[in-house]
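Asker: Residues -21 to -1, 1 to 147 (mature numbering (1 follows the signal peptide of the UniProt record, and there is no 0)) make up the sequence shown, in order.
Ideal Cβ placement from N, Cα and C applies to all residues, glycine included.
Note that the coordinates shown come from a computational prediction; the quantities given were computed from them, not determined experimentally.
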Amino acid sequence: MTNFFKSAGVIASLALLSACASTNDVGVVDTTGQNTNVSSAPTGPVPGSQADLENSAGHRVFFAYDQYTLSPQAQATLAKQAAWLKEYPQTRIMVAGNCDERGTREYNLALGARRAESAKAYLVSLGVDGSRITTVSYGKERPIDTRSTEDAWSVNRNSTTTVTGVGS
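(1) Could you check the C-alpha separation between Asp108 and Gly76 for me, to the nearest Å?
(2) Going by other Cβ atoms of all chains shown within 10 Å of its Cβ, with 16 needed for buried, is Thr125 buried or exposed?
(3) Keeping to the same chain, check which residues put their C-beta closer than 6 Å to that of Lys119; ignore five residues upstream and five downstream.
(4) What does the alpha-carbon distance come out to for the pair Ser104 and Gly82?
(5) Measure the CB-CB distance between Leu57 and Leu102 and report whether it falls below 8 Å.
(6) Under three-state DSSP, which class holds Tyr117?
(7) In terms of DSSP beta bridges, what is Thr141 paired with?
(8) Write down the C-beta distance between Gly144 and Arg71 rounded to the nearest angstrom, noting that I regard them as a contact closer than 8 Å.
(9) Just how far apart, CA to CA, sit Ala100 and Asp45?
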């Protein structure tokens, strides 16, 4: 009879112990009560997102003073953007043209529009459907760097590509 009680006690203890144990994402039993989950989810930006564009291809190209022609470096970035856009064919983007603070508001709006259109035209020449791309000019209204220095002006002369959504 004592063996019966010993066996029953062992079974009850095991049942109690297993009730307190939990399994984590990789199927390992945790009997300590501590959370030892190991996430198997991928890290990094969501594919097709703005963060993915920025990490994979870059989202900004820069221009020389009073120019809207694309430098070889700008063309290389736009080529990466075109490849990324081909990978996500339903993604729509907006290309915004920006300028530094020098010049009138009207002049910079026109120059920003030429910069945005220049970037769009290059993406289209690389096979991106132009109907997926809208353009806008912010002129000097949205500086990245608000200082009045050549370094600040050089980063503010850009076109910036932003994911606006997924079309049908």
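Answerer: So, from the data block:
(1) In the sequence shown, the residue the question calls residue 108 occupies position 129. In the sequence shown, the residue the question calls residue 76 occupies position 97. Distance between the alpha carbons of Asp108 and Gly76: 19 Å.
(2) As a working mapping, residue 125 is identified with position 146 in the sequence shown. The residue is exposed, with fewer than 16 neighbouring Cβ atoms inside 10 Å.
(3) As a position in the sequence shown, residue 119 is number 140, starting the count at 1. Cβ contact annotation for Lys119 (same chain, cutoff 6 Å, sequence separation greater than five): Cys78, Glu80, Asn87, in chain order.
(4) As a first step, residue 104 is located in the sequence shown; it is residue number 125 there, counting from the start. As a first step, residue 82 is located in the sequence shown; it is residue number 103 there, counting from the start. Their backbone Cα atoms lie some 31 Å apart in a straight line.
(5) Along the sequence shown, read from residue 1 onward, the residue named residue 57 stands at position 78. Along the sequence shown, read from residue 1 onward, the residue named residue 102 stands at position 123. Cβ atoms of Leu57 and Leu102: closer than 8 Å.
(6) In the sequence shown, the residue the question calls residue 117 occupies position 138. The DSSP-derived three-state label of Tyr117 is strand.
(7) The residue labelled residue 141 in the question sits at position 162 within the sequence shown. Answer is Met73.
(8) Here the question's residue 144 lines up with position 165 in the sequence shown. Here the question's residue 71 lines up with position 92 in the sequence shown. Gly144 to Arg71, Cβ: 5 Å. Contact.
(9) The residue you call residue 100 lines up with position 121 of the sequence shown. The residue you call residue 45 lines up with position 66 of the sequence shown. Answer to the nearest angstrom: the Cα atoms are 19 Å apart.
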